Structures are given as C-alpha cells and as structure tokens.
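Before any comments, here is the structure.
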Amino acid sequence: MSDPTRTDLRRRELLATLTAAGGAGALAGCSLFESAPAPTDTPDAGTDTPAETTPSDAADTAEIPYADEYGTVVDLARAGADTTGRESVVPLLDEHAGDDTLLYLPEGTYLVDEPWQLDGFADVAVVGPDAVVVPPSRYAGTLFAVTDGSGFRFEGVTFDFTAEGTGARPIGALVDDGLVVRDVTVRGSQDVDQDMMRFDVTGEEGTGLVERLRLRDGASFDIPVTGCLVTGDSVGELTFRDCEIVGFPDNGLYASAATGRVRVEGGYYANNAISNVRVGDGAVVSGVHVRVDYEEDVLENTRGIRLREGSGVLVENATIEMLNVPVSDGALTVSTGAREVTVRDTEIRVDADDVTGLLAKSPADRFEGESTAVTVENVVVTGGAAGNDAIDIVDRDGCRLTGLCIHQTGDARDGVRLLRSRDNRIEDATIVVTGEALVLEDSTASTTGIRTAAESGDSAGLSAQDGTVPQGPCATDEDP
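What follows is the structure, given as structure tokens:
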C-alpha cells in the first residue's frame, strides 16, 4: 500500500500546479485485485525501493520518468511484454499493478485487446513517452478503465487507431483525486460508435489535470462521436490545459454535465459539430482558440463555445473563428440553461453568413426571478458575415456591454440586438456595420460613448456621434 506521506505530497504538488495556472484543479467497477501483488525476486517486476536494485537496473530506472516518486517501478518490457503489438500486454498490467506503483512502457508497440480495469487503488502510474498502444481491429470498448481510486497518472502514450474500423475509448478514468493525464495522443480517426475519452473527478475536494491531450484526427461524421466527455459524476475540479480536439461530429470537449468546476486553459478546438467547447456551471474558459472552417456541409448546429448550464461562467482571452459554417446559431452561445455569464477580452471573427457572433438565448422559465444578465467586456467582433447580428441578447435584463468593437462588412448585418430585455447598459463601443448599429425590440438600454457607422453602397450613410468616421475601428490586420 502507499505511504500516506508520499500520497499527500503528490496531491499537494498537483494542487500547486493547478493553482499556478489559475485554479486548484459509465465504466465497469469490478476490481482486478483485492490487494497489491507482492514484488517478485526478478528485476522485471521491480522492488519496493528502486534505489535497491542492481547497478545495471538502477541505471535503467534512472531513465524512467517519475521513477523516484513511486515505491515500485516495473519496466513491462523487461517483465516480458511483447513490444511488437502481437501479444496482449493486459496480463502483465494485471500482474504488476499495485498501490504506489509505476508501470513503464518502453519504446515499442503494445496490444491491448480487452479493458484493463484498475479499481480501488492508490497512486498508480502508466508512463510511456515512446510507447504506442493498439487495439484489435474493430474494437469498440475501453482500453484503460480506471475507477474508485486516487492518484492516477497516465502520461506520454500514443494510441494508434489508423487501421480501418478501429476505435475505442483509450482512457476512461473516474478518479477521486490526483488525476493527471499528460501528453497523450490518438492517431487515426474514430470510426466505431464509441465516444473517445472520458474523465471525471469523483471526489468533491479532488482535482484533476488533463494536459496536452491531442485528438487531431477526429471521427467519422457518420456516427455521433464526442472527443472528450466529462459527466455528472465529476464533482471535483478538472482542468484541461493546452489540449487539441479536432473533427468530432458530436462535440469536441463535452463538459457541461459536470457538477464540479471545469477549467479550459489554452488549447485548439476545431471543426467539432454541436460544440467545440461545451461547459456548464462555474466553468472558466481562458485563452482557447476555436476555429470552424468545414470543407464539406454538415447538418449539425456548430457552435464555437457553448455555455450550456448554470451560473458564474467566464470566457476570457479567447479567439473564435467561424469561417465556413453551414449551420450555426452562434460563435459563442449562452444557452437557455445558463444564467449569469461573463465574456471578456475575447476576439470573434465571423465570415459565415447569418451566424451570430455572440448569442444569449432566452433563459428557461425556471429562472424567473433570478438574474440572467450577460456581461460583455472588451469583446471584438469582425469579419464579412452578412445577415443577422453580431451580438444578439434575448429576454435577459440588466446586461452590461462595455468596450465593444464591432466591424462587420457583409450585407444587412446589424450590430447589437436586444429583444425583450430591460435595464441594459451599452458603454464605450464602436459599431461599424452595414445594417443598424443598435436594434432595440421591446427593450431598454442606456448608451454612453457609442460611435457608429452605417455603411451603404456609396458610404453616404457613414456617421458617428462625435462627427468623425472611425478608421480601422477594431485595430485588426483587416482594417482598411
């Protein structure tokens, strides 16, 4: 079993990592073992203390990442694992898994032909910076199924799904605390009916970090597959940092069901239908880059960032590009289930016609009497989209929009539209559009420091409150 001091130390290290970045950070549950297996006498299985191995083994252990943080370190290739991908590595994973144990996969290819289930554990790592894991052809189950434990690290492994009809859930991890998944890549498109990754932090005080997860090859649009799923079982704090999720037909990062906080920090999310990033109550989305530029038509309603549920949601320092989008109700949408949200210091470019830059939908009836205000600060909306509005807010009172810069050049494009929304404020904004700068339908709004320019074919309609016409209003490279 693990040393409580060691466990607490690693937990505090994880918390420190998450704090430095801005915040503390339906699988089978059968256990494979009731207690950790006793170490054998062979160097393949490791020893209780890596430093006590023979000199040659100590040199090998010294090259294994994190070896000094675990009581037992097992080099699975030395323990007999086939590194050519012909024979399953699952029996060896079963044999050597135990508390306070690092399972190391050296360079090579490893076959996982059934779920490796780890249940009721403390401090287990699977590390393989140069390892490739392959499933059998047409396998659609989970490869690494981890539940009901704390302190799980999975790092450096590449999953190869390039064979036709091959797909799986590479990792399904429901971990109480201390979840770390880092530098994991999936190579090849998911072309079986299985959502790809799933991560949940199941302890209310628990934290988790998913960093540099790379799902670049997406999935077939013939089946509704999600790239990464966080469910209602996640009640702790889970951070996604610098991840890449591209080309999934049923959401890229689907995290709106989580009841604990989700943080999305940096990363690139592109061409995921439904939503590229979808979050809920208390979530923070910071520094992400979202891009939608489909080469072929898809039928789904594609959003850049979707704020699906809850209150206290923050989007900041984001870049959202909606360049070629067959169907979408918004680059950034505040759904009916979301209440108070803030969007600040964010750039939105919309070139796709009839796509709204920021859409705050009418809130659900159950929120009657609660604040559903949207705060928009220092947001830029540019691009050549025609029709519809740059910003559209419906049935939300008390909204505040300040520091806006809207420059939309497509035909019949309005700036800010408020529908059935009262007591709003729009301050210090520049709005240069071909339609109406501000549309109030059964709404009220106080305005201060608004500069507008309504562009017609011969520019005769250009105007501004201070008597001048803004030049390069949003200070982008596209400005005339």
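For what it's worth, our numbering labels the leading residue of the sequence shown as 99, then goes sequentially.
Glycine included, every Cβ here is placed at the ideal spot set by N, Cα and C.
In this text the structure is predicted, and so the values were computed from the model without any measurement.
key: C-alpha gap between G254 and Y202, whole angstroms   = Going from the Cα of G254 to the Cα of Y202 covers about 10 angstroms.
request  = Would you identify the three-state DSSP class for F252, choosing helix, strand or coil?
outcome  = It is a strand residue.
ask   = Taking the beta strand (DSSP E) that P268 falls in, what are its first and last residues?
value = Boundaries of the beta strand (DSSP E) harbouring P268: 267 to 273, taken from the DSSP string.
message = Can you tell me where the beta strand (DSSP E) holding E193 begins and where it ends?
response = Element bounds for E193: not the beta strand (DSSP E) but the alpha helix (DSSP H), 188 to 194.
request  = Can you have a look at P233 and say buried or exposed, based on whether 16 or more other CB atoms are within 10 angstroms of its CB?
outcome  = By the Cβ-count criterion, P233 is buried, with 16 or more other Cβ atoms from all chains shown falling within 10 Å of its own Cβ.
message = Please classify C128 as buried or exposed, where buried requires at least 16 neighbouring CB atoms within 10 angstroms.
response = Low confidence applies here, because C128 scores a pLDDT of 31, under 50, leaving its location unreliable and the question unanswered by this model.
query = CB-CB under 6 angstroms to S469, same chain, minus the five flanking residues each way: which ones, in chain order?
reply = Answer for S469: E438, listed in chain order.
query = By Cβ distance, which residues of its chain are closer than 6 angstroms to F257, with the 5 residues on each side in sequence left out?
reply = Excluding positions up to five away in sequence, the list reads V231, P268, V284.
ask   = Should S188 and D211 be called a contact, given that it needs their Cβ atoms to be closer than 9 angstroms?
value = The question names Ser, but residue 188 is Val in the sequence shown. A contact, by the Cβ cut-off of 9 angstroms.
ask   = Closest to G316 by CA distance: which of R339, G304, R511, L351 is it?
value = Nearest C-alpha to G316 among R339, G304, R511, L351: L351.
ask   = Can you tell which of R184, N422, E363, T207 has the C-alpha that lies nearest to the C-alpha of R310?
value = Nearest C-alpha to R310: E363.
Complete beta strand (DSSP E) runs within the region 334 to 394 (minimum length 3 residues, chain order) = Listed in chain order, the complete beta strand (DSSP E) runs (minimum 3 residues) inside the region 334 to 394 are 335 to 339, 342 to 344, 360 to 363, 366 to 368, 373 to 377, 382 to 384, 387 to 391.
query = Residues bridged to Q506 by DSSP?
reply = DSSP lists G481 as the bridge partner or partners of Q506.
key: Sequence-distant residues of the same chain with beta carbon closer than 6 angstroms to C341, five excluded per side   = Excluding residues within five positions, the ones whose Cβ falls inside 6 angstroms are L311, G365.
task = Can you give me the Cβ contacts of F319 inside the same chain, cut-off strictly under 8 angstroms, excluding the 5 residues immediately before and after it?
result = The answer, listed in chain order, is P347, A371, V396.
query = Taking E419 as the reference, which of A450, E393, S433 has the closest Cα?
reply = When only C-alpha atoms are compared, the closest one is A450.
message = At the level of alpha carbons, what is the spacing between R511 and A483?
response = For R511 and A483, the distance between alpha carbons rounds to 7 angstroms.
key: Spatial neighbours of R389 in its chain, beta-carbon cut-off 6 angstroms, leaving aside the 5 residues before and after   = Hits under 6 angstroms: A368, E419.
query = From T434 to C497, what distance separates their C-alpha atoms?
reply = T434 and C497 have their C-alpha atoms spaced approximately 16 angstroms apart.
key: Same chain only: Cβ atoms within 6 angstroms of C572, ignoring 5 sequence neighbours per side   = Exclusion of the five residues before and after C572 leaves V478, T480, C503, H505 as the residues of its chain whose Cβ lies within less than 6 angstroms of its Cβ.
task = Figure out for me which residue from E534, L272, D173, R404 has the closest Cα to the Cα of V224.
result = Closest by alpha carbon: D173.
Residue closest to F252, alpha-carbon to alpha-carbon, out of P424, G276, D246, A266 = The option with the nearest alpha carbon to F252 is G276.
Which of helix, strand or coil DSSP assigns to R515 = Here R515 sits in strand by DSSP.
message = In this structure, how does DSSP classify R310 when only helix, strand and coil are distinguished?
response = In the three-state reduction of the DSSP assignment, R310 falls in the coil class, being assigned neither a helical nor a strand state.
key: Contact belief for E525 with T500 at Cβ below 8 angstroms, rounded distance in angstroms   = Going by Cβ atoms, the distance from E525 to T500 rounds to 4 angstroms, so yes, they are a contact pair.
Pair within 9 angstroms by beta-carbon distance, G455 and E414 = No; because the gap between Cβ atoms is not below 9 angstroms, this pair is not in contact.
task = Please say whether L313 and G325 have beta carbons closer to each other than 9 angstroms?
result = Their beta carbons are under 9 angstroms apart, which means G325 touches L313 by this criterion.
task = Drop a sphere of 10 angstroms on the beta-carbon of G428, count the other beta-carbons inside from all chains shown, and report buried for 16 or more, exposed for fewer.
result = Note on G428: 16 or more other CB atoms within 10 angstroms of its CB, so buried under the neighbour-count rule.
query = Cβ atoms of S409 and D379: under 9 angstroms apart, would you say?
reply = Yes; because the gap between Cβ atoms is below 9 angstroms, this pair is in contact.
query = For D391, which of V344, S354, E407, G358 has the nearest alpha-carbon?
reply = Taking D391 as reference, the option from V344, S354, E407, G358 with the minimal CA-CA separation is V344.
query = Are there 16 or more other CB atoms within 10 angstroms of the CB of R464, so buried, or fewer, so exposed?
reply = Exposed.
task = In the DSSP assignment, find the unbroken beta strand (DSSP E) run with D221 in it and report its ends.
result = From DSSP, the beta strand (DSSP E) with D221 extends over 220 to 225.
request  = Following the continuous beta strand (DSSP E) through E525, name the residue where it begins and the one where it ends.
outcome  = For E525, the enclosing beta strand (DSSP E) stretches over residues 522 to 531.
key: Same chain only: Cβ atoms within 6 angstroms of P213, ignoring 5 sequence neighbours per side   = Once the five neighbours on either side are set aside, the close Cβ partners of P213 are G239, T240, A243.
task = Identify every residue that forms a DSSP beta bridge with Y208.
result = Note: Y208 sits in a beta bridge opposite V231.
query = Buried or exposed: D291, going by 16 or more other Cβ atoms within 10 Å of its Cβ?
reply = Answer is exposed; the Cβ neighbour count stays below 16.
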